[in-house]
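> I'd like to ask you about the structure that follows.
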Amino acid sequence: MADAPTLADLIIDTLASLVIVSDREGRIVRFNPACEAATGYRAAEVLNRIFWDLLLLPEDRENIRKVLGKVTSGDFPQSFENHWVAKDGSLRWIEWRNTCSLNPDGSVQFIIGMGIDATQRKAAEAERTRAQKQYLDLVNSVNGMVWEADVDPFHFTFMSDQSRNILGYSVERWTQEPDFWLAHIHVDDRERVERTHRKATSACLPHTIDYRMIAADGQAIWLRNMVSVICENKKAIAQRGIMIDVTDEKDTQETLRSTSDQFKFALSAAAIGAWDWNLAGDGKVRWLGKTEEMLEQDPKFFDGTIEGFLSLVLPEDREAVSTALAQGLEKRAPYCVEYRLRRKNGQIAWHLSRGQVLVNQNGKPERMSGIVMDISDRKRGEDEKSRALEATQKALQLREDFISIASHELKTPITPLKVGLQILRRAFTTQEVEGLRPEKLKQLLDISDQQLNRLIGLVDNLLDVSKMRTDKMKLMPVRIDLTEIVKEVIQRLEPEVNEARASLTSTLEPAIFCECDPSRIEQVVTNLITNAIKYGNRSPIHLKLHRTSESAVLSIQDQGIGIGKADHDRIFRRFERAASSTHFAGLGLGLYITAQIIGAHHGRIEVTSDAGQGSTFKVTLPLSQPT
5 MADAPTLADL
15 IIDTLASLVI
25 VSDREGRIVR
35 FNPACEAATG
45 YRAAEVLNRI
55 FWDLLLLPED
65 RENIRKVLGK
75 VTSGDFPQSF
85 ENHWVAKDGS
95 LRWIEWRNTC
105 SLNPDGSVQF
115 IIGMGIDATQ
125 RKAAEAERTR
135 AQKQYLDLVN
145 SVNGMVWEAD
155 VDPFHFTFMS
165 DQSRNILGYS
175 VERWTQEPDF
185 WLAHIHVDDR
195 ERVERTHRKA
205 TSACLPHTID
215 YRMIAADGQA
225 IWLRNMVSVI
235 CENKKAIAQR
245 GIMIDVTDEK
255 DTQETLRSTS
265 DQFKFALSAA
275 AIGAWDWNLA
285 GDGKVRWLGK
295 TEEMLEQDPK
305 FFDGTIEGFL
315 SLVLPEDREA
325 VSTALAQGLE
335 KRAPYCVEYR
345 LRRKNGQIAW
355 HLSRGQVLVN
365 QNGKPERMSG
375 IVMDISDRKR
385 GEDEKSRALE
395 ATQKALQLRE
405 DFISIASHEL
415 KTPITPLKVG
425 LQILRRAFTT
435 QEVEGLRPEK
445 LKQLLDISDQ
455 QLNRLIGLVD
465 NLLDVSKMRT
475 DKMKLMPVRI
485 DLTEIVKEVI
495 QRLEPEVNEA
505 RASLTSTLEP
515 AIFCECDPSR
525 IEQVVTNLIT
535 NAIKYGNRSP
545 IHLKLHRTSE
555 SAVLSIQDQG
565 IGIGKADHDR
575 IFRRFERAAS
585 STHFAGLGLG
595 LYITAQIIGA
605 HHGRIEVTSD
615 AGQGSTFKVT
625 LPLSQPT
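Using the numbering used here, you'd call the opening residue of the sequence shown number 5 and step up by one each time.
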């Protein structure tokens, strides 16, 4: 070859591929830098040496002689692979493509080999093959059927050899028969499995399904299929999973279920619940039988922990329950406690729970088991008894208070009457009647008339209460102009307003008609205005009457002593009053009578007030239909 580098020399030296040139006897005449890098030999070390003696394994030398024999006979190019032995003894895997250059007479001058160092690729392929074999060995050793499948259309692309052991079917049947899987699912499970599988797959969700498959011998085998879904761009493209034989588990569950059903039936028949606290295991409390149903608890609110159970107990009973549990655990004392639970409908129910700690052979608590029963009826009976006793005592006290107040109220108008009569009697006895001045006589008669009216009012109120208690109050409803009745009452009570040094203003919408008993409605308006005068503390009183689409609305507002919110309901009860009887006269019947009359007219009365803030009483009555 020429000493000066040619263009071909430059190209060969810059190629990434290995280029080796030898003569027809195999002596190396060219060894490019890529060959140097692959073997560790410098070109000067290998020139004129037989390349197979230097670079090839003994077992590869005969093969290369055969290849070169074909090249020299003109049968080229040739492709093959072999190992080169590097200078450090390591092996490099080379993929070759050979040709030759010819003399003018057609004989072979040089053999040219161009190679690619495939060592890393071959190592990767070997590792991949090893890993795949290891994976298959692992998959086939798993006590379950590992599988892979394409989704659209669904068909199995891989099934482990365990399918033969579990179901008796070959791998080929799974991968080659498109409908094999669904066709061999138990007919009672098929629709459920197909629906669940399709829905979860379309949503790209992992899922687990238990179902039965018919094995090759005709038996129904329970499988648990745990599936992961592989998705791209939110679309399922493949699946992987494992099917595990859970037949023994299902048989055990069925046996336990049967035993549990018998136990539940016994508990249900006795209306008793049962519970078990696993102290040595997971620490969970479990309700047995229909206990959860009996307790009317929502499962999502109970996580099975003792803390979760205590959270269901009313706060005021938790300490008693915790103390009873602690004594049971620490002192092995029988657990017995009454407590309240809030049912899922919001109602409160009383329960009695009894239990006992069970210990292992080392004396350590293993579990605590017991029963629970609903004692709400018993507690309700006790509460009703207690409330009845309390109500009786309160009624007796109200009666005593009423008798005391009534005696005082009835005596109050009688005393001025008696004094007036005594003055008149003394005047007649001493024959001084003519000496009585007319104004003095008129004053005595006015006082007597006023007190008689007061006495009549008290008696009328008592009679009204009696009628209301016995449902003997009769209404005489007619079509009335409520506005006119309110005006008349305001006019009639004007002297009382003036005497109390109060002021009364009104805003009355005209011609508001209702179907009412006029005397009873007049009584209602009178009661409300006189109350405003009595408790208004000389404050302005404003009365407003207007109509809505269906009702007449009357409101009386004062700025007096007001009524505490806690007394709003109580003031409409018989003999009840918010203000002290020592400061304000009355039997405590006015608002009770008023509320009864309004109710009898299908209306309603309500109060808006607070202590020291004045009061507004609002009466709503249905409008009469137009004639």
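For glycine and all other residues, C-beta sits at the position ideal for the given N, C-alpha and C.
#1: Cβ atoms of V611 and T620: under 9 Å apart, would you say?
#2: According to DSSP, simplified to helix, strand and coil, what is E370?
#3: Taking R34 as the reference, give the member of I16, D562, V528 with the closest Cα.
#4: Can you give me the C-alpha to C-alpha distance between R371 and R346, rounded to a whole angstrom?
#5: Leaving aside the five residues before and after E513 along the sequence, list all residues of the same chain whose C-beta is less than 8 Å from its C-beta, in chain order.
#6: As an exercise, report each continuous alpha helix (DSSP H) stretch of at least 4 residues that is fully enclosed by the stretch 93-169, in chain order.
#7: Within its chain, find whatever has a CB closer than 6 Å to the CB of L532; leave out the 5 residues flanking it on each side and keep chain order.
#8: Do the stretch 284-304 and the stretch 186-196 meet, that is, are 3 or more Cβ pairs less than 8 Å apart?
#9: Just tell me which of G594, A570, L227, G568 has its CA closest to the CA of E526.
#10: Starting from L247, follow its DSSP beta bridges and name the residues at the other end.
#11: I need the boundaries of the beta strand (DSSP E) containing H605, first residue and last residue.
#12: In whole angstroms, give me the CA-to-CA distance for E498 and I565.
#13: Of the choices T598, N102, S105, W281, whose alpha-carbon is the least far from that of L362?
#14: In this structure, how does DSSP classify M480 when only helix, strand and coil are distinguished?
#15: Measuring CA to CA, which of A278, W291, I115, R228 is closest to D249?
#16: Taking DSSP as the reference, what is the three-state secondary structure of N282?
#17: Taking the C-alpha atoms as reference points, what is the distance between I218 and C208?
#18: Would you kindly work out how many angstroms separate the C-alpha atoms of Q360 and K335, rounded to a whole number?
#19: For the alpha helix (DSSP H) containing P514, name the first residue and the last one.
#20: Kindly identify the DSSP beta-bridge partner or partners of K239.
#21: DSSP three-state label for G350, please.
#22: For the beta strand (DSSP E) holding F621, just list the boundary residues, first then last.
#23: Which of helix, strand or coil does DSSP assign to D221?
#24: Whose C-alpha, out of A506, R261, M230, is nearest the C-alpha of P210?
#25: Quick one: is I575 buried, meaning 16 or more other Cβ sit within 10 Å of its Cβ, or exposed?
#26: Tell me, which residues are paired with P544 by DSSP?
#27: Rounded to a whole number of angstroms, what is the C-alpha to C-alpha distance between G618 and N535?
#28: Along the chain, where does the beta strand (DSSP E) that runs through I24 open and close?
#29: How many Å lie between V89 and T10 at the Cα?
#30: What residues in its chain sit with their C-beta under 8 Å from that of I120, if we drop five residues either side in the sequence?
#31: Taking DSSP's pairing of strands, which residues face M377 in a bridge?
#32: Mapping the DSSP letters down to three states, classify A324 as helix, strand or coil.
#33: Just to confirm the assignment, what range does the alpha helix (DSSP H) spanning K192 have?
#34: Mind checking who N86 pairs with in its DSSP beta bridge?
Reading off the structure:
#1: Mapped onto the sequence shown, residue 620 falls at position 616. Mapped onto the sequence shown, residue 611 falls at position 607. It is a contact, given that the beta carbons lie within the stated cut-off.
#2: Residue 370 sits at position 366 when you count from the first residue of the sequence shown. Strand, per DSSP.
#3: Translated into the one-based positions of the sequence shown, residue 34 becomes position 30. Residue I16 holds the alpha-carbon nearest to the alpha-carbon of R34 among I16, D562, V528.
#4: Here residue 371 is taken as the residue at index 367 of the sequence shown, counted from 1. Here residue 346 is taken as the residue at index 342 of the sequence shown, counted from 1. So the alpha carbons of these two residues sit roughly 26 Å apart.
#5: Taking the first residue of the sequence shown as 1, we reach residue 513 at position 509. Result list for E513: T487, L549, H550, R551, in chain order.
#6: As far as the stretch 93-169 is concerned, its whole alpha helix (DSSP H) runs of at least 4 residues are 123-145.
#7: By 1-based counting over the sequence shown, the position of residue 532 is 528. Apart from sequence neighbours up to five positions away, the residues of its chain that approach L532 with a beta-carbon distance below 6 Å are I560, F621, ordered along the chain.
#8: When C-beta atoms of the stretch 284-304 are compared with those of the stretch 186-196, fewer than three pairs fall below 8 Å, so the two segments do not count as touching.
#9: Reading the sequence shown from its first residue, position 522 is the one you call residue 526. Residue G594 is the option with its Cα nearest to E526.
#10: Position 243 of the sequence shown, counted from the first residue, corresponds to residue 247. Looking at the sequence shown, residue 247 is not Leu but Met. Answer is M149, N229, bridged to M247.
#11: Here the question's residue 605 lines up with position 601 in the sequence shown. Per DSSP, H605 is not a residue of any beta strand (DSSP E), being assigned neither H nor E.
#12: Locating residue 498 in the sequence shown gives position 494, where the first residue counts as 1. Locating residue 565 in the sequence shown gives position 561, where the first residue counts as 1. Just so you know, the alpha carbons of E498 and I565 end up roughly 21 Å apart.
#13: Here residue 362 refers to the residue found at position 358 of the sequence shown. Closest by C-alpha distance to L362, out of T598, N102, S105, W281, is W281.
#14: Taking the first residue of the sequence shown as position 1, residue 480 is located at position 476. DSSP places M480 in coil when its eight states are reduced to three.
#15: Along the sequence shown, one-based indexing puts residue 249 at 245. Selected option, being the one with the closest Cα: R228.
#16: As a first step, residue 282 is located in the sequence shown; it is residue number 278 there, counting from the start. Reduced to three states, the DSSP call for N282 is strand.
#17: Walking along the sequence shown from the start, residue 218 turns up at place 214. Walking along the sequence shown from the start, residue 208 turns up at place 204. Here the alpha carbons of C208 and I218 stand approximately 28 Å from one another.
#18: By 1-based counting over the sequence shown, the position of residue 360 is 356. By 1-based counting over the sequence shown, the position of residue 335 is 331. In this structure, the straight-line span from the alpha carbon of Q360 to that of K335 is close to 11 Å.
#19: Residue numbering aside, residue 514 sits at position 510 when the sequence shown is read from its first letter. Counted as a single uninterrupted DSSP element, the stretch harbouring P514 is not any alpha helix (DSSP H), since DSSP gives it neither H nor E.
#20: For the purposes of this step, residue 239 is taken as the residue at position 235 of the sequence shown. Paired residue(s): E236.
#21: The count along the sequence shown starts at 1 and reaches residue 350 at position 346. G350 carries a coil assignment under DSSP once its states are collapsed to helix, strand and coil.
#22: Here residue 621 is taken as the residue at index 617 of the sequence shown, counted from 1. Unbroken beta strand (DSSP E) run through F621: 619-626.
#23: Counting from 1 along the sequence shown, the entry for residue 221 is found at position 217. Note: D221 maps to coil in three-state DSSP.
#24: In the sequence shown, counting from the first residue as 1, residue 210 sits at position 206. Among A506, R261, M230, the Cα nearest to that of P210 belongs to M230.
#25: Within the sequence shown, residue 575 is the residue found at index 571, counting from 1. By the neighbour-count rule (16 or more Cβ atoms within 10 Å), I575 is buried.
#26: The residue labelled residue 544 in the question sits at position 540 within the sequence shown. According to DSSP, residue pairing for P544 in a beta bridge involves S507.
#27: Along the sequence shown, one-based indexing puts residue 618 at 614. Along the sequence shown, one-based indexing puts residue 535 at 531. Spanning the two alpha carbons is a distance of roughly 12 Å.
#28: Locating residue 24 in the sequence shown gives position 20, where the first residue counts as 1. From DSSP, the beta strand (DSSP E) with I24 extends over 22-27.
#29: Stepping through the sequence shown from its first residue, residue 89 is reached at position 85. Stepping through the sequence shown from its first residue, residue 10 is reached at position 6. The straight-line gap from Cα to Cα measures roughly 30 Å.
#30: By one-based count along the sequence shown, residue 120 stands at place 116. Excluding sequence neighbours, I120 sits near S21, L22, I98, E99.
#31: Here residue 377 is taken as the residue at index 373 of the sequence shown, counted from 1. Its beta-bridge partners are L356.
#32: For the purposes of this step, residue 324 is taken as residue 320 along the sequence shown, with counting starting at 1. Correct three-state label for A324: helix.
#33: By 1-based counting over the sequence shown, the position of residue 192 is 188. Note on identity: in this sequence residue 192 is Asp, with Lys being the wrong assignment. Its alpha helix (DSSP H) spans residues 191-206.
#34: Against the sequence shown, residue 86 aligns to sequence position 82. In the DSSP assignment, N86 is bridged to I98.
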